[in-house]
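Engineer:
In the numbering used here, the protein residues as written are 101 to 230.
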């Protein structure tokens, strides 16, 4: 009986830990630029790996994403890939700049994420309204 209780409590503990980790671990931001074809507004961050400003911009995007992700696609254009470089060339952006699109793929704004979280959220609400 004692062995059964130990095994059962171990299994329950592992399941509980797994549940907690799944609930509180943020999902990564997609780098799939084909999401721009969805009928949903989008924010695309031009991101260079190992860049301090790119890392800060990605952190800011992750901080505010939970307030908007049901209504806006969040995408990273990795400048280390051909698709990311093509995106940056098309929209004239560089590392740590974001392009905000309406659901009709019109550009609302191109902005650096060095602005405050509040200012960026205002721009996102504008994109949703269009």
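Beta carbons: idealized from backbone N, C-alpha and C, even for Gly. Remember, it's a predicted structure, so these values are computed and weren't measured experimentally.
(1) Mind pulling the beta strand (DSSP E) runs of 3 or more residues that sit fully within the region 157-219?
(2) Buried or exposed: which applies to residue 192, given that a residue is buried once 16 or more other Cβ atoms fall within 10 Å of its Cβ?
(3) Helix, strand or coil for residue 233? Go by DSSP, reduced to three states.
(4) Please name the residue in 172, 194, 170 and 169 whose C-alpha comes closest to that of residue 180.
(5) Who are the near neighbours of residue 124 in its chain, counting only those whose CB is closer than 8 Å to its CB and skipping five residues on each side?
(6) Starting from residue 150, follow the beta strand (DSSP E) in both directions and report where the run begins and ends.
Structural biologist: Here's the rundown:
(1) Listed in chain order, they are 173-178, 197-201 and 207-212.
(2) To locate residue 192, count along the chain shown from 1; it is residue 92. Exposed, because fewer than 16 other Cβ atoms sit within 10 Å of the Cβ of residue 192.
(3) There is no way to answer for residue 233, as the model of the chain reaches only from 101 to 230.
(4) Here residue 180 refers to the residue found at position 80 when the chain shown is read from its first residue. The shortest C-alpha separation from residue 180 is found at 194.
(5) Translated into the one-based positions of the chain shown, residue 124 becomes position 24. Because residue 124 sits at a pLDDT of 49, beneath the cut-off of 50, its placement in the model cannot be relied upon, and the following sentence gives the value as read from the coordinates. Beyond the five residues adjoining it in sequence on each side, residue 124 comes within less than 8 Å, by CB distance, of no other residue in the same chain.
(6) Along the chain shown, read from residue 1 onward, the residue named residue 150 stands at position 50. Looking at the DSSP string, residue 150 is not in any beta strand (DSSP E), and its letter there is neither H nor E.
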